[in-house]
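What follows is a single structure, written as structure tokens, with notes after it.
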Amino acid sequence: MRLQMLEYPENNFSANTYLLIDDLNNVIVIDPGFPGSDLTNQLLAQGMNVKAILLTHTHYDHMRGVIPLVEAFECPVYAHHLDVLLFENENFHKFYTDADNLKLPNNIITVENDETLTILNTEIKVIHTPFHTRGSVLYVIPALNSVFSGDTLFKGSIGRLDLFGSAPLELTSSLETIKKLPKSFNVFPGHGDATTIEAELKSNPYLGGSYI
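Add 2 to a position in the sequence shown, counting from 1, and you land on the number used in the numbering used here.
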């Protein structure tokens, strides 16, 4: 299994999409933020076959490419049930000016905390870390010594707490959950550069207890 990161530049930040690709060019897509059919066309041109889509949360910039991917590959989409519920609330999308036509497919598979998925012979553990959204999750892949953190954890920072559907009262417990992850884990966030748990424990003020 190899990892490829794709960045979609937008305004002052880039949203990260991750591809987990096996030897047969089967793909797991994490947070397909590319708009329209851009990502779908790219994968089709490369002979890729998408087998699953994992959403760390259902904000617009992390799932714009879901529908074209599902239509092309008929693949299931995984997301926490609380973010599926949030998505159905019109206030959830008001932060994004061009999200009016965004929708979720009918083949959503909801995930829960501590659930382990097995996709492409790879174990993927779900860890619920609400605060950026109520249904934000981490996807931990032990075989890659990695965690895909969405907007829960960034290099040197964390996700916003002031958007509709956030859960600021859950912040402390979610940060404590992150602190318990193996220090050696690579962290692949929804925006910005990759990091490690060890580096964040040393330098991220939110994991050092100084955010209060």
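Even for Gly, the Cβ is constructed at its ideal location relative to N, Cα and C.
It should be emphasised that the depicted structure is a prediction, and the values quoted were computed from it without experimental measurement.
If you ignore the 5 residues before and after M50, its C-beta comes within less than 6 angstroms of the C-beta of N27 and V29, all in its own chain and listed in chain order. E9 has its alpha-carbon roughly 20 angstroms from the corresponding atom of D24.
Counting along the chain, N188 sits inside the beta strand (DSSP E) bounded by residues N188 to P191. Contact between the segment 119-134 and the segment 44-63 is established, with three or more Cβ pairs separated by less than 8 angstroms.
Spanning the alpha carbons of Q48 and L5 requires a straight line of approximately 15 angstroms.
Each residue's CA atom was taken as its position, placing A169 and T135 some 6 angstroms apart. The alpha-carbon of Y208 is positioned some 13 angstroms away from that of F133. Within the same chain, F15, S16, A17, N18, D153 and F156 come within 8 angstroms of H193 by CB-CB distance, once the 5 residues on both sides are set aside. Contact between the segment 76-92 and the segment 182-201 is absent: fewer than three C-beta pairs spanning the two stretches fall below 8 angstroms. Judged by DSSP in its simplified three-state form, Y62 adopts helix. At a Cβ-Cβ threshold of 7 angstroms, S151 and P107 do not count as neighbours.
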